[in-house]
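What follows is one structure encoded as structure tokens, with my remarks underneath.
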Amino acid sequence: MKVRTRIPPSPTGIPHIGNTRTALFNYLFTKAQGGELILRIEDTDRARFVPEAEKAIVEILEWLGIKYSPKVERQSERLEIYKQHAEILKNKKLAYTDQGALRYRMPKTGSTKWTDAIGNKDITFENKTQEDFVIIKSDGFPTYNFANVVDDHLMDITHVLRGEEFISSTPKHIQLYRAFGWELPVFAHLPVILGNDHQKLSKRHGAKSALDYRDEGYLKDALLNYMVLLGWNPGGDREIMSINEMIQIFDLKDINTTSPIFDSLKLTWMNQEYIQKKTDAELKDLLVEYYSDLKALQSDVFDKIIPLVKTRIKTLAEFKELTEIFFINSINWDLIDQEMEIAKSTLTDLKELRDWNKDKLFAIMKVHMERKKIKMKVFYKMFTGRERGLPLPETLEILGREKTINILESLIK
RNA sequence: GGCCCGUUCGUCUAGUGGUCUAGGACGCGGGGCUUUCAUCCCCGAAAUCAUGGGUUCGACUCCCAUACGGGUCACCA
Numbered sequence: 455m456k457v458r459t460r461i462p463p464s465p466t467g468i469p470h471i472g473n474t475r476t477a478l479f480n481y482l483f484t485k486a487q488g489g490e491l492i493l494r495i496e497d498t499d500r501a502r503f504v505p506e507a508e509k510a511i512v513e514i515l516e517w518l519g520i521k522y523s524p525k526v527e528r529q530s531e532r533l534e535i536y537k538q539h540a541e542i543l544k545n546k547k548l549a550y551t552d553q554g555a556l557r558y559r560m561p562k563t564g565s566t567k568w569t570d571a572i573g574n575k576d577i578t579f580e581n582k583t584q585e586d587f588v589i590i591k592s593d594g595f596p597t598y599n600f601a602n603v604v605d606d607h608l609m610d611i612t613h614v615l616r617g618e619e620f621i622s623s624t625p626k627h628i629q630l631y632r633a634f635g636w637e638l639p640v641f642a643h644l645p646v647i648l649g650n651d652h653q654k655l656s657k658r659h660g661a662k663s664a665l666d667y668r669d670e671g672y673l674k675d676a677l678l679n680y681m682v683l684l685g686w687n688p689g690g691d692r693e694i695m696s697i698n699e700m701i702q703i704f705d706l707k708d709i710n711t712t713s714p715i716f717d718s719l720k721l722t723w724m725n726q727e728y729i730q731k732k733t734d735a736e737l738k739d740l741l742v743e744y745y746s747d748l749k750a751l752q753s754d755v756f757d758k759i760i761p762l763v764k765t766r767i768k769t770l771a772e773f774k775e776l777t778e779i780f781f782i783n784s785i786n787w788d789l790i791d792q793e794m795e796i797a798k799s800t801l802t803d804l805k806e807l808r809d810w811n812k813d814k815l816f817a818i819m820k821v822h823m824e825r826k827k828i829k830m831k832v833f834y835k836m837f838t839g840r841e842r843g844l845p846l847p848e849t850l851e852i853l854g855r856e857k858t859i860n861i862l863e864s865l866i867k
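Oh and the first sequence: position 48 is 502 in our numbering, straight run, nothing missing.
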């Protein structure tokens with residue numbers, strides 16, 4: 455039997471990174487099994503419905519390369535189906551009307567159990583602890599608990615990979631399957647990702663979305679790689695992996711049972727790793743895509759900057775500040791007396807310099823450093839306004855004679 | 001509070017009865033390289049494997065209890 459899974463977001467906002475990780479696991483599992491993944495919009499909550507949410511959901515999956523079947527299902531378009539199925543339960547006296555809503559009558563004796571694929575463990579709930587739950591709301595829309603089960607069956611879902619927060623509602627789902635005489639899918643409840651506060655990731659606690667990370671200059675490969683390591687480990691010391699490598703070795707049995715804490719520091723480190731692994735051309739493309747205004751930079755200048763920048767940025771967003779000197783058109787820093795003196799004599803040297811290249815430029819600086827017993831920092835401050843940055847001689851070589859001399863002249867007068 | 005799940009360095013984790021005086025990664029500290037800052041390289045600190053009982057010739061690994069943490073108790077998903 456072919457594996458079929460689903461990504462069932464509810465369009466109540468932009469999904470945060472925890473939800474996206476669940477989508478990723480669904481994708482990896484499905485690809486590894488040669489199955490099919492569908493996207494099903496669970497828009498049954500009219501009060502919290504956010505029109506733009508679906509667009510963001512699709513955008514995230516697209517950016518990350520999480521592919522699913524072309525036909526997107528929407529529960530709001532399937533109301534008739536839920537109504538029919540509710541009717542069946544009502545006729546069987548398994549559901550009853552309660553204040554305009556339809557409730558499912560849960561059995562009150564015995565127990566409901568299943569073997570969860572995560573950790574391969576049996577989970578049992580005593581039925582006496584379960585309450586009758588609403589399946590059709592008074593507004594005519596189905597609840598998650600109902601629509602989810604009906605759709606999973608009708609759409610031939612074989613594996614339900616979802617967050618651990620759904621464990622306690624799984625007995626409801628199982629009873630519904632039984633009431634209809636349907637076969638159970640495999641349930642796999644992923645441990646939820648916790649934030650720094652050790653609480654479940656949530657918008658309220660500042661959980662970001664994949665789109666936020668993209669906007670902050672993170673690469674999709676890095677985000678994907680970091681996310682997958684949160685709760686999944688193929689064994690051994692392997693950490694850096696491409697999505698295709700993940701698919702090759704992905705197995706539900708390697709998913710942990712403990713809730714991991716999201717460590718943005720390690721994500722940032724990983725992002726830097728990925729940036730460094732990119733070729734110059736690839737990094738250039740990423741930067742052009744990230745910044746809308748890089749066209750202003752001359753292509754040959756841009757090409758020369760890339761290798762200098764590569765080991766110095768952890769996110770694409772850091773590019774601008776680091777390369778500021780190539781974009782500025784006015785000087786906004788001052789020199790103190792000693793620096794001024796050095797600036798003047800350096801300027802003289804620069805004007806006389808025949809070959810404008812990094813070695814000659816560095817030679818000039820070296821002379822001054824030795825004569826005045828100063829450190830390189832002084833030159834960084836002088837030419838860029840900052841005490842650190844891209845290698846100076848290289849930077850000035852790329853900047854060119856005219857612009858470099860301009861900087862010193864405007865500082866001196 | 002009831003019910004459910006979990007517990008190895010600060011964090012992500014390896015580990016499936018003896019190879020563990022517990023390995024890797026991030027972060028942190030120190031050093032090297034060096035034109036600043038990075039990158040890179042080397043070294044180091046960091047877990048009495050939550051605690052207490054079992055089982056066993058032998059437990060991080062199996063069982064039980066306790067503690068702690070998390071999830072969930074909606075006409076939200």
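Idealized CB from N, CA, C, for every residue including glycine. These figures come from a predicted structure and were not determined experimentally.
Assignment of P688 by DSSP, reduced to helix, strand and coil, places it in the coil class. By the neighbour-count definition (other C-beta atoms within 10 Å, threshold 16), F781 is an exposed residue.
Three or more beta-carbon pairs separated by less than 8 Å link the stretch 716-727 to the stretch 674-694, which places the two stretches in contact.
Under the three-state reduction of DSSP, R528 is assigned to strand. CA-CA distance, E848 to K764, rounds to 14 Å. The C-beta of I767 has 16 or more other C-beta atoms within 10 Å across all chains shown, which makes the residue buried. Spanning the alpha carbons of E508 and I495 requires a straight line of approximately 8 Å. Annotation note: the stretch 769-834 contains the following uninterrupted alpha helix (DSSP H) runs of length 4 or greater, listed N- to C-terminal: 773-776, 791-806 and 812-826. Counting only residues of its own chain and dropping the five nearest sequence neighbours on each side, A571 has a CB closer than 7 Å to the CB of V640, F641, A642 and L706. Nearest to K456 by alpha-carbon distance, out of S592, T484, I818 and D757, is T484. Here DSSP, grouped into helix, strand and coil, assigns V603 to helix. H659 counts as exposed, since fewer than 16 other C-beta atoms from the protein chains shown sit within 10 angstroms of its C-beta. Y481 sits in a helix when the DSSP states are folded into three classes.
In the same chain as N811, and ignoring 5 residues on each side of it, the C-beta atoms closer than 7 Å to its own belong to E851, in chain order. In the assembly as shown, N599 is a buried residue. Its beta-carbon has 16 or more other beta-carbons within 10 Å. A contact is defined here as three or more CB-CB pairs under 8 Å, and the stretch 547-556 fails this definition with respect to the stretch 615-626. Here DSSP, grouped into helix, strand and coil, assigns R557 to strand. It is roughly 7 Å from the alpha-carbon of F579 to the alpha-carbon of P625.
Apart from the 5 residues on each side of it in sequence, I461 sits with its Cβ closer than 6 Å to the Cβ of A477, N480 and L493 in its chain, given in chain order. If you look at L748, you'll find it isn't in any alpha helix (DSSP H); DSSP assigns it neither H nor E. The stretch 781-790 and the stretch 817-828 do not touch, with fewer than three beta-carbon pairs separated by less than 8 Å.
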